[in-house]
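Novice: Quick one: structure below, then a few questions.
There are 2 protein chains.
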Amino acid sequence: MTPGERRSLDDVETRELRYFVAVAEEAHVGRAARRLGMAQPPLSRAIGQLERRLGAELFVRTPRGVTLTSAGETLLHEGRAALAAVEAAERRTRRAVAAGGRATVVLTAKAGASGDLMAKLLDVYAAEPDAVDVEVVLSPPGHQAPMLRDGRADVAILHRPFDDTSGFDADELGVEDQVLVLPSGHPSSTRTSMTVAEASSIPDLPLPRWPHLDGTYPDGPGPELRDLTQVLQLVRLGRAAILLPEVVRADLRDGLAVVPLSDAPRVTTVIAWPSHSTSAGVAGLVRTAARL
Amino acid sequence: MTPGERRSLDDVETRELRYFVAVAEEAHVGRAARRLGMAQPPLSRAIGQLERRLGAELFVRTPRGVTLTSAGETLLHEGRAALAAVEAAERRTRRAVAAGGRATVVLTAKAGASGDLMAKLLDVYAAEPDAVDVEVVLSPPGHQAPMLRDGRADVAILHRPFDDTSGFDADELGVEDQVLVLPSGHPSSTRTSMTVAEASSIPDLPLPRWPHLDGTYPDGPGPELRDLTQVLQLVRLGRAAILLPEVVRADLRDGLAVVPLSDAPRVTTVIAWPSHSTSAGVAGLVRTAARL
DNA sequence: CGGGCCCGATACCGCGGCGGTATGACGCCA
DNA sequence: TGGCGTCATACCGCCGCGGTATCGGGCCCG
């Protein structure tokens with residue numbers, strides 16, 4: 009092969025995918041370029057090359073920016089998954105060496121949830137003969153699945169139906185009903201049962217809003233909150249009510265009452281891991297969890 | 009940003025992953041370089057750069073070639089998955105445009121299996137009001153899951169426990185027992201039941217060997233075969249016996265007999281798709297399949 | 001209806017990194 | 001100890017990336 013000769017050009021590089029995703033998300037080449045820390049023309053050119061290489065129009069150019077074609081929608085969806093997989097490879101390799109040859113596993117869970125379960129799991133697992141180090145990462149609701157996908161974590165405690173476990177293997181750890189938590193003095197607090205519709209429409213007790221994955225909040229009444237302790241404090245102050253799995257009963261202090269809900273979906277706690285995982289640590293944790 | 013300034017260097021490019029995987033698979037830099045169609049030194053350098061970037065020793069250099077470290081094992085595993093995801097993005101985008109904006113879906117199944125089921129599925133689905141074009145790709149046993157992973161197919165008919173469905177979403181389509189197919193004149197052909205152990209040890213009727221995914225054959229007695237018709241012909245000739253799901257009864261012609269097996273694992277036919285799929289065609293096919 | 005504005009696309013340039021060849025360092029074996 | 005086979009290093013040439021300057025073309029507004 010002479011120096012001038014190059015490889016066949018139809019393999020997509022991750023750089024190109026990152027550029028494409030940025031442009032797709034911004035719907036604007038200039039803004040995407042700023043976000044990427046580069047000038048606009050090379051980005052335009054890179055997108056053009058990608059389009060020629062794939063033989064696809066990915067964007068329609070409009071006077072206000074760009075919008076995705078249907079092929080572009082496909083590439084955005086698949087490309088994000090591919091980038092997450094590349095990042096996962098990178099991160100898990102870095103972690104493998106950081107552990108200095110000794111195996112390690114990163115477990116992630118919703119902050120403030122399943123506390124007892126986690127404590128017990130970690131205790132029992134640590135007593136196993138072949139246990140490896142477990143790093144626990146607590147993060148906001150909904151962040152566990154992405155972390156599993158991009159390699160920041162190896163195994164997660166998730167809660168169906170709130171978390172999406174598709175694409176992972178998962179074992180069920182338990183199922184529980186949800187209850188409404190409200191201030192103990194409130195007139196509704198003496199009821200023995202309630203529907204979700206009723207719970208949502210208690211006039212002076214709005215259900216708080218939780219942030220979406222991107223950090224924005226859904227529209228509607230009720231306070232905006234990020235944290236379980238915050239919520240419970242607000243409930244105690246008589247400013248809100250909230251639906252929670254019934255384990256919280258154990259953590260409740262004075263000033264809070266609980267009403268069972270007749271029609272709320274049951275919550276399943278699961279332990280989930282990437283289905284291609286080969287980590288002995290993950291396998292051990294899962295085995296331990298199944299015995300709890 | 010001045011011209012000389014470059015992006016942060018810690019994102020791994022797919023080219024580097026391909027190089028790494030080639031070296032890991034060959035366990036030899038020179039051979040890998042030949043396979044990649046390039047010279048050995050730049051490949052050595054690329055691997056060195058990747059190692060420095062990840063802060064990991066990926067290979068130990070030996071006088072006979074290279075072998076993977078444990079960090080290298082991790083990267084090989086994760087990197088293959090990442091490369092498959094990138095290829096999937098590329099292929100599905102190309103297919104999206106090849107269809108000229110009209111949606112299409114690629115269905116793959118084992119050649120020669122589930123014929124009736126597939127025919128019925130395609131017929132019923134084609135009658136749906138919002139049906140899209142379905143391209144059927146028949147391929148050797150075990151190739152369906154990789155095709156789903158790297159984007160050559162969008163949905164597959166698989167058979168548990170033979171196929172690994174982990175990482176996919178799947179709906180069960182049916183469960184059936186396995187039977188032993190043997191020449192009709194054979195002494196054992198009059199038995200009403202048999203165990204797998206008995207079936208494997210009929211002296212003059214060895215069970216044929218099927219190729220592994222890489223095309224090699226397991227060790228042992230019995231003929232090497234790739235194709236169901238081949239097998240059945242061989243059975244009819246009195247040279248082999250074979251375990252098959254009992255639907256094959258329908259396809260059997262003269263000269264073949266069937267004995268139920270008491271302890272063979274039941275075979276579950278499933279329809280499977282990548283869990284992040286958003287294709288309307290896949291959804292429609294799955295919905296149709298569930299109603300069969 | 002023409003001028004300014006805001007898009008993305010094109011033209012052109014400089015340099016860094018990739019891939020090339022030649023050669024070195026080093027363990028193994030005869 | 002010389003030869004072989006391995007990977008690493010040294011050095012070079014060119015392509016492609018990213019840079020700046022500019023163009024083409026809708027859109028809005030006076």
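Residue numbers (this note's numbering), protein chains in the order written: chain A, 9 to 300; chain B, 9 to 300.
Every residue gets a Cβ at the ideal spot worked out from N, C-alpha and C, and that includes glycine.
Measuring straight from C-alpha to C-alpha, what distance separates K118/A and E24/A?
Specialist: Answer to the nearest angstrom: the Cα atoms are 33 angstroms apart.
Novice: Can you grab the Cα-Cα spacing for the pair V266/A / A90/B, in whole Å?
Specialist: When rounded, the distance between both Cα atoms is 47 angstroms.
Novice: For L213/A versus A249/A, is the C-beta distance shorter than 8 angstroms?
Specialist: Yes, these two residues count as a Cβ contact at 8 angstroms.
Novice: Suppose you measure from the CA of D124/A to the CA of G87/B; what does that come to, to the nearest Å?
Specialist: Straight-line Cα distance between these residues: approximately 36 angstroms.
Novice: Out of curiosity, what's the CA-to-CA distance linking S78/A and A104/B?
Specialist: Using only the alpha carbons, I get a separation of about 7 angstroms.
Novice: Between the Cα of D6/B and those of F170/A, D271/A, D177/A, R168/A, spot the shortest distance and give me the residue it belongs to.
Specialist: Nothing can be reported for residue 6/B, as the shown portion of chain B is limited to 9 through 300.
Novice: Does the beta-carbon of D131/B have 16 or more other beta-carbons within 10 angstroms, so that it is buried, or is it exposed?
Specialist: Exposed.
Novice: Would you mind telling me which residues of chain A sit closer than 7 angstroms to D177/B, beta carbon to beta carbon, in chain order?
Specialist: What D177/B touches in chain A: S174.
Novice: To the nearest angstrom, how far is the alpha carbon of P282/A from that of E95/A?
Specialist: Approximately 14 angstroms, taken between the alpha carbons.
Novice: Of all the residues that make up the region 71 to 85 of chain A, which are near chain B by a beta-carbon distance shorter than 7 angstroms?
Specialist: Those would be S78, A79, T82, L83, H85, in chain order.
Novice: Express the C-alpha separation of D262/A and P253/A in angstroms, rounding to a whole number.
Specialist: Approximately 18 angstroms between the Cα atoms of the pair.
Novice: Around the Cβ of G289/A, are there at least 16 other Cβ atoms within 10 angstroms (buried) or fewer (exposed)?
Specialist: By the 10 Å Cβ count, G289/A comes out buried.
Novice: Pop quiz: S287/A and D162/A are said to be a contact at Cβ under 8 angstroms. What is the actual Cβ separation, rounded to whole angstroms?
Specialist: Confirmed, about 6 angstroms.
Novice: Threshold first: 3 residues or longer. Then list the beta strand (DSSP E) segments lying entirely within the region 32 to 67 of chain B, N to C.
Specialist: Here no run is fully enclosed.
Novice: Against S52/B, what residues of chain A qualify as contacts under a CB-to-CB distance less than 7 angstroms, listed in chain order?
Specialist: None at all; the shortest Cβ gap to chain A is about 16 angstroms.
Novice: Going by DSSP, what residue range makes up the alpha helix (DSSP H) through V140/B?
Specialist: Run containing V140/B: none; DSSP gives neither H nor E here.
Novice: Answer yes or no: does any C-beta atom of chain B fall closer than 8 angstroms to that of A64/A?
Specialist: Cβ-Cβ to chain B under 8 angstroms: yes for A64/A.
Novice: If you count every other CB in all the chains shown that lies within 10 Å of the CB of A47/B, and 16 or more means buried, which is it?
Specialist: It is exposed - the Cβ of A47/B has fewer than 16 other Cβ atoms within 10 Å.
Novice: Where do the N-terminal and C-terminal ends of the alpha helix (DSSP H) with L188/A fall, by residue?
Specialist: Taken as a continuous stretch (DSSP letters only), L188/A belongs to no alpha helix (DSSP H), being part of the beta strand (DSSP E) at 186 to 191.
Novice: Please name the residues in the region 89 to 103 of chain B whose beta-carbon is closer than 7 angstroms to at least one beta-carbon of chain A, in chain order.
Specialist: So the close ones are A89, A90, A93, V94, A96, A97, E98, R100, T101, R102.
Novice: Exposed or buried, what is L240/B when buried is set at 16 or more other beta-carbons lying within 10 Å of its beta-carbon?
Specialist: Burial call: buried.
Novice: Please tell me whether L17/B has its Cβ less than 8 angstroms away from any Cβ of chain A.
Specialist: With a pLDDT of 40 at L17/B, under the threshold of 50, the modelled position of this residue cannot be trusted; read the value that follows with caution. Taking Cβ atoms only, chain A never reaches closer than 8 angstroms to L17/B, which makes this a no.
Novice: Kindly indicate which residue of I55/A, R100/A, R99/A has the alpha-carbon position closest to the one of G80/A.
Specialist: For the residues I55/A, R100/A, R99/A, the minimum Cα distance to G80/A belongs to I55/A.
Novice: Where does E13/A fall in DSSP's three states?
Specialist: The predicted model places E13/A with a pLDDT of 34, which falls under 50 and marks its position as unreliable; any figure quoted below should be read in that light. The answer is coil: DSSP assigns E13/A none of H, G, I, E or B.
Novice: Return helix, strand or coil for F28/B, following the three-state DSSP convention.
Specialist: It is helical.
Novice: Can you check whether the C-beta of G12/A is within less than 8 angstroms of a C-beta belonging to chain B?
Specialist: Low confidence applies here, because G12/A scores a pLDDT of 33, under 50, leaving its location unreliable and the question unanswered by this model.
Novice: From A272/B to A291/A, what distance separates their C-alpha atoms?
Specialist: When rounded, the distance between both Cα atoms is 27 angstroms.
Novice: So is V20/B in contact with chain A if we call contact Cβ pairs under 8 angstroms?
Specialist: With 8 angstroms as the cut-off, V20/B counts as an interface residue toward chain A.
Novice: Please decide whether V105/A counts as near chain B, where near means a Cβ-Cβ distance under 8 angstroms.
Specialist: Closer than 8 angstroms: yes.
Novice: When you compare each of R295/A, L188/A, V20/A to R244/A by their alpha carbons, which one comes out closest?
Specialist: Of the candidates R295/A, L188/A, V20/A, the one whose C-alpha sits nearest the C-alpha of R244/A is L188/A.
Novice: Check D271/B in the structure and name its three-state DSSP category.
Specialist: If DSSP states are grouped into helix, strand and coil, D271/B belongs with coil.
Novice: Would you kindly report the start and end of the unbroken alpha helix (DSSP H) that includes G123/B?
Specialist: Residues 123 to 134.
Novice: Over the uninterrupted beta strand (DSSP E) stretch that includes L252/A, give me the two end residues.
Specialist: Element bounds for L252/A: 250 to 253.
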